[in-house]
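Following: one structure in structure tokens, then a few remarks.
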Amino acid sequence: MNVKIFSFFLLTVFSLLGCKNEKPLSCDDVNFSLSITKTDVTQNPANGTITATASGGEGFTYTIGSTTNSTGKFENLPAGTYTVVGRNSIGCSKSQLIVIDSNIPGDPCTNNSITINATSTPATPCVAGNGTINISAGGSTGFTYNLNGGAFQNSNVFGNLAVGTYNITVKDVNGCSKTQQVSIAVAPAGPNFTNVKNIIKSNCGGCHLNGGSSGGVNYDNDCSIVNGWNKINEECVIRSSMPPSGPLSSNLKAQITAWVNAGHRYSD
34 MNVKIFSFFL LTVFSLLGCK NEKPLSCDDV NFSLSITKTD VTQNPANGTI
84 TATASGGEGF TYTIGSTTNS TGKFENLPAG TYTVVGRNSI GCSKSQLIVI
134 DSNIPGDPCT NNSITINATS TPATPCVAGN GTINISAGGS TGFTYNLNGG
184 AFQNSNVFGN LAVGTYNITV KDVNGCSKTQ QVSIAVAPAG PNFTNVKNII
234 KSNCGGCHLN GGSSGGVNYD NDCSIVNGWN KINEECVIRS SMPPSGPLSS
284 NLKAQITAWV NAGHRYSD
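The working numbering numbers the first residue of the sequence shown as 34 and each following residue consecutively.
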């Protein structure tokens with residue numbers, strides 16, 4: 034059989050059989066979403082319920098604490114705050130906070146009136162967490178506070194926190210509680226660091242950015258610039274061997290030196 038005819042025959046067979054190189058689905062492709070409904074507690078023993086429904090993909094599972102199921106229905110729940118996590122078969126997930134209230138006559142937590150006002154300070158990248166959350170509560174008395182389900186404490190301040198979203202819970206003297214999410218943002222970069230980052234973006238793109246790692250060095254991440262301060266100073270200022278296109282101008286070298294002398298941190 035002629036080689037060209039045989040090749041065409043194979044390609045036709047493979048096409049009919051569906052043999053093709055398809056890109057695996059990503060979470061962006063399926064547009065994963067999660068919706069939650071609940072019913073409050075109206076009797077003892079507790080009869081609160083949470084129903085979670087996900088869309089985008091298939092093979093959904095739902096988790097509250099250590100309990101996971103494929104139905105999304107959780108029953109006989111006491112009053113409190115719950116974090117519901119939904120996932121699909123390719124690992125896309127979302128979480129949502131839901132509060133089940135008590136509507137039992139005579140229960141001190143019925144129509145819980147606790148209010149939370151939480152403020153946060155940003156955290157600086159490339160160092161141990163230094164963000165803080167400060168909580169102000171009202172509507173009751175005798176408050177204690179916890180973070181992400183940890184132990185309750187008397188202090189309304191949580192420190193040494195990294196960038197991220199946290200669940201804070203306030204509990205009053207009657208044991209009634211309320212939970213709220215608070216985010217710690219990224220602190221703004223300092224002017225000296227910003228100058229150095231711009232120098233790298235303008236002069237090192239072919240070797241050390243966008244995945245490039247010439248000599249094992251990549252500067253796509255801000256912290257890689259902070260951690261590489263000595264090499265940047267050595268190669269660009271002291272030896273003037275970088276970038277390969279030619280030494281930096283005296284002005285750009287002075288900007289690197291200013292950052293190094295200030296402490297070569299993200300915040301400088």
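Just so it is clear, CB atoms sit at the ideal spot from N, CA and C, and this is done for glycine as well.
Same chain only: Cβ atoms within 7 Å of residue i, ignoring 5 sequence neighbours per side
| i | result |
| --- | --- |
| N228 | Q288 and W292 |
| A295 | N225 and D301 |
| A220 | P155, A156, T157 and S300 |
| T72 | G81 and T82 |
| S103 | F93 and T94 |
Test item: CB-CB of residue i and residue j under 8 Å
| i | j | result |
| --- | --- | --- |
| L310 | G164 | The shown model of the chain, from 34 to 301, leaves out residue 310, and the question about it has no answer. |
| V203 | I168 | yes |
| S66 | A87 | yes |
| P111 | G81 | yes |
| C142 | C60 | no |
| I97 | V74 | no |
| P158 | C256 | yes |
| T212 | V132 | yes |
| K286 | I258 | no |
| G105 | Y115 | no |
| F107 | I83 | yes |
| N181 | N150 | no |
| G245 | G239 | yes |
| G261 | V270 | no |
Span of the beta strand (DSSP E) around residue i
| i | result |
| --- | --- |
| A87 | G81 to S88 |
| N109 | K106 to L110 |
| G171 | G164 to G171 |
| N150 | T148 to T154 |
| I69 | S66 to T72 |
| N102 | T100 to N102 |
Host alpha helix (DSSP H) of residue i (start-end)
| i | result |
| --- | --- |
| V63 | C60 to V63 |
| S283 | S283 to A295 |
Residues near residue i in its chain [Cβ-Cβ closer than 6 Å; skip 5 each side]
| i | result |
| --- | --- |
| E91 | S122 |
| N54 | At N54 the pLDDT is 41, less than 50, meaning the model places this residue with poor confidence and gives no usable figure here. |
| G172 | S146, I147 and T148 |
| V206 | T174 and G175 |
| S153 | I166, V215 and I217 |
| G162 | A156, N193, L194 and A195 |
| T68 | It is worth fixing the name first, because residue 68 is Ser in this sequence and not Thr. Cβ within range, chain order: T86. |
| S278 | none |
| R120 | T94 and S126 |
| S128 | T116 and V118 |
Per DSSP, the bridge partner or partners of residue i
| i | result |
| --- | --- |
| Q186 | Y178 |
| R120 | T94 and S126 |
| S133 | Note on residue identity: the sequence assigns Ile, not Ser, to residue 133. In DSSP, I133 forms a bridge with G113. |
| G197 | I217 |
| D143 | It should be pointed out that residue 143 corresponds to Thr in this sequence rather than to Asp. The partner list for T143 (beta bridge, DSSP) reads S135. |
Nonlocal neighbours in the same chain, by C-beta distance under 8 Å from residue i, ignoring five residues either side
| i | result |
| --- | --- |
| G197 | S216 and I217 |
| C125 | C60, V63, F65, G89 and G90 |
| E268 | S274 and M275 |
| I233 | H241, L242, Y252, I258 and I265 |
| Q186 | T177, Y178 and N179 |
| L58 | G90 and I123 |
| A79 | N109, L110, P111 and A112 |
| V160 | R298 and Y299 |
Whole beta strand (DSSP E) elements within the region 202 to 268, 3-residue minimum: Listed in chain order, the complete beta strand (DSSP E) runs (minimum 3 residues) inside the region 202 to 268 are 210 to 217.
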